[in-house]
Amino acid sequence: MSKKVKLTEEDKVIQENLEKLASIQEEVTKLNLEEEKEIAKIQAKFDDLKKPVFAKRKEFISKIDEFWANTFANHDFLSNFISDSDIEVLKHLEDIEVESSLSDDIKKVKVIFKFKPNPFFKNTELWKYAEVNAVKDKEGSSNKDVKEEKQVALTINQSGIDWKEGKNYITKGSHSGVSGKDTNNKKKRDMEESLDEDESFLRMFVEETSMDEDYLLIISDEIYENPVAFFLGQGDQGGLGESFIEEDLDE
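One gets the working numbering by counting positions in the sequence shown from 1 and adding 1191 to each.
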């Protein structure tokens, strides 16, 4: 039978104040959750306001030959993963759309590449979709009591590419996704090594890759928001910054 340790007066003062601080932290956490909900409402509002502006932008982009191919090629980070074959395909890219929604429990992002008829594949659209959810507890409710303990589950899907005969230059599975602790190391190796013959930015539309989160974040937050800056080589490039998981659920 273990003996009870008698607390000193100083220990009692510390314990009492820690309990009060824990209560205050709960209030902060609740306010953080309310903040997330309000941010989600504001984002949804301005996403809708931007739609007609992006439609107007599309009209003028369509008058510039190979606009998107040059825009992607001028991005310092993405250009490390874009092959010469990718560039030839991207010359037929006529528009990009980003669909996103955010709530306190879920974020959805879909990037859509719209193509003119081309000699490479039959698709008119290639898309990548990612969904981030708060992991539910055993009783089925979201664990919102302590935000720092919130975990996420990532769901990723893609359109696939319906290649025309003899045009497929991407070998499925040779650069498959890496999960867990190896992901960041894989990204660093990809940056440090020269682009090998089988690498392709467009692989993201064929299968899940270790770069999906970075690609989606860069396309939605950098290129889609200000493509003209990247076309001119003047874009503010975040590179390997926070993933959209960290950005929207852990900030």
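For every residue, glycine included, the Cβ atom is placed at its ideal position computed from N, Cα and C. For clarity, every value in this text was computed on a predicted model and none was experimentally measured.
Classification of residue i by the beta-carbon crowding that lies within 10 angstroms, buried from 16 upward
i	result
LEU1284	buried
VAL1403	As written in the sequence, residue 1403 is Asp, which differs from the Val given in the question. Looking at its Cβ environment, which holds 16 or more other Cβ atoms inside 10 Å, ASP1403 is buried.
GLY1357	exposed
VAL1196	exposed
PHE1251	exposed
PHE1237	exposed
ASN1265	buried
LEU1407	buried
GLU1384	Residue confidence for GLU1384 is low, a pLDDT of 43 falling below 50, so the modelled location carries little weight; the figure read from the coordinates is stated next. Looking at its Cβ environment, which holds fewer than 16 other Cβ atoms inside 10 Å, GLU1384 is exposed.
GLY1426	buried
PRO1310	exposed
ILE1352	buried
ASP1202	exposed
ASP1405	buried
SER1401	buried
VAL1204	exposed
SER1391	buried
LEU1227	According to the sequence displayed, residue 1227 carries Glu and not Leu. Label assigned to GLU1227: buried.
GLU1210	exposed
GLU1200	exposed
GLU1229	exposed
GLU1508	With the chain covering 1192 to 1442 only, the question about residue 1508 has no answer from this structure.
GLU1218	exposed
GLU1413	buried
LEU1423	exposed
Where the beta strand (DSSP E) containing residue i begins and where it ends
i	result
SER1292	1284–1293
Run of the alpha helix (DSSP H) containing residue i, from where it starts to where it stops
i	result
VAL1196	Neither: VAL1196 is in no alpha helix (DSSP H) and is coded neither H nor E.
VAL1280	1275–1281
THR1262	1258–1264
Short Cβ contact (8 Å threshold) for residue i with residue j
i	j	result
LEU1293	ILE1409	no
TYR1320	LYS1301	yes
VAL1244	TYR1415	no
ILE1297	ASN1314	no
ILE1361	LEU1393	yes
ILE1287	ILE1273	no
GLU1141	LYS1282	Residue coverage of the chain in this structure runs from 1192 to 1442, which leaves residue 1141 outside it and unanswerable.
PHE1421	THR1262	yes
TRP1318	SER1350	yes
VAL1397	LYS1363	yes
LYS1307	GLU1322	no
SER1411	SER1291	yes
ALA1260	ILE1233	no
Test: residue i CB closer than 8 Å to a CB of chain B
i	result
LYS1236	Absent here is chain B; the protein component of the structure consists of one chain.
Opposing strand residues paired with residue i [DSSP bridges]
i	result
GLN1349	LYS1319
Near the ligand MN: residue i beta-carbon under 7 Å from a heavy atom
i	result
VAL1244	Absent from the structure shown: the ligand MN. Ligands present: none.
Next on the checklist: If we require 3 or more residues per run, which beta strand (DSSP E) segments fall completely within the stretch 1223–1255?
Outcome noted: none
Item to check | Ordered list of beta strand (DSSP E) runs contained in the stretch 1400–1434, each at least 3 residues | outcome: none
Item to check | beta strand (DSSP E) runs contained entirely in the stretch 1296–1325, provided each spans 3 or more residues | outcome: 1297–1306, 1316–1325
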